[in-house]
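> Sharing a structure, written as structure tokens. Questions coming.
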Amino acid sequence: MNDAKAAGDEKGEKHIDEQLAFLTPILKGFLTEMGKEAADLAVQAYGGHGYIVDNRAEQNLRDVRIAALWEGTTQIQALDLLGRKIMLQKMKPIGEHCGRLYAQCRPLLMHSDSGLRRRAWSLLGHAADWQLLTYRLGLRAASDREAIAAASVDYLMLSGYVTLAAHWLRIEETAVRALAGGGDADGFEEEAEFYRAKVQTSAFVFERLLPRTAAHRAAILAPTSALTAMRNEDFSFTHSR
31 MNDAKAAGDE
41 KGEKHIDEQL
51 AFLTPILKGF
61 LTEMGKEAAD
71 LAVQAYGGHG
81 YIVDNRAEQN
91 LRDVRIAALW
101 EGTTQIQALD
111 LLGRKIMLQK
121 MKPIGEHCGR
131 LYAQCRPLLM
141 HSDSGLRRRA
151 WSLLGHAADW
161 QLLTYRLGLR
171 AASDREAIAA
181 ASVDYLMLSG
191 YVTLAAHWLR
201 IEETAVRALA
211 GGGDADGFEE
221 EAEFYRAKVQ
231 TSAFVFERLL
241 PRTAAHRAAI
251 LAPTSALTAM
261 RNEDFSFTHS
271 R
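Note that this note's numbering has the sequence shown beginning at 31, numbered continuously upward.
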């Protein structure tokens, strides 16, 4: 953005600002939720010792918990993404963003590296499904006013997993290129180990994290009645005991 602004490219600057506006609620909401999960797993890794002060794992979990609140709360970020950034702008941001993902994947679909090629196809399919899912949700919202609110958090998390995969595909592409060009250069083995770790991490993201989108997708498409059928009066029995 600074380069566009310095060059006096107002149109380019505006375009980058729009991209950042679209990505901001995803980054704030998704990353803070994943931060909570990572800190919780750190406690779990210690077993019963996870609650011992000396290990500080429990302190990390307490500290990171507030991130999903002071960044505007996950639910507010989700409503901002789906309601204001996408629906109010008539789907333009999601169309442009998925277009960039398609452009990222296209050169890799026939790549000589099988892992990179497979994950490019995977991201392409997830991006297309993300875009189509958004259109389906928009159609539903026309007749169900609760559809956006009910789907928003699951939509945010799905968006986050796809965006995370896109970044790791870019990292993997760079790592594969470096490994292919390293040859037998002196001292390259240590550097190669670094790049191989990046490839393995990308595989983990695609094989162990990206599949979570299936559950979020099902929740997004689920009827809203489970959330809206009960009203406050349905719980009146709790006050009569």
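For each residue, glycine too, the CB sits at the ideal point set by N, CA and C.
Since the structure is predicted, the reported quantities are computational estimates derived from the model, not experimental observations.
Does the segment 188-200 come within contact of the segment 232-249, defined as at least 3 CB pairs closer than 8 Å?
yes
> For Thr203 and Phe236, I'd like the C-alpha separation in whole angstroms.
A small correction: the amino acid at residue 203 is Glu; Thr does not occupy that position in the sequence shown. Straight-line Cα distance between these residues: approximately 14 Å.
> In chain order, what residues of the same chain lie with their CB nearer than 8 Å to the CB of Glu63, ignoring the 5 residues before and after it?
Excluding residues within five positions, the ones whose Cβ falls inside 8 Å are Ala98, Thr104, Met187 and Gly190.
> Per the contact definition of three or more C-beta pairs closer than 8 Å, is the segment 46-58 in contact with the segment 117-127?
yes
> Roughly how many whole angstroms lie between the Cα atoms of Ser232 and Gln89?
29 Å
> Taking just the CA atoms, how far does Asn85 sit from Trp151?
42 Å
> What is the DSSP secondary structure of Ala68, counted as helix, strand or coil?
helix
> How many angstroms separate the CA atom of Glu221 from the CA atom of Leu154?
Taking the straight line joining both Cα atoms gives about 30 Å.
> What number of angstroms, rounded off, separates the C-alpha of Ala196 from the C-alpha of Thr164?
One alpha carbon belongs to Ala196, the other to Thr164, and they sit about 18 Å apart.
> Straight-line CA distance for Arg166 to Arg247?
11 Å
> Between Arg170 and Ala177, how many whole angstroms is the CB-CB distance? I'm expecting something under 8 Å.
5 Å
> Can you tell me which of Leu71, Gly145 and Arg175 puts its alpha carbon nearest to the alpha carbon of Phe234?
Gly145
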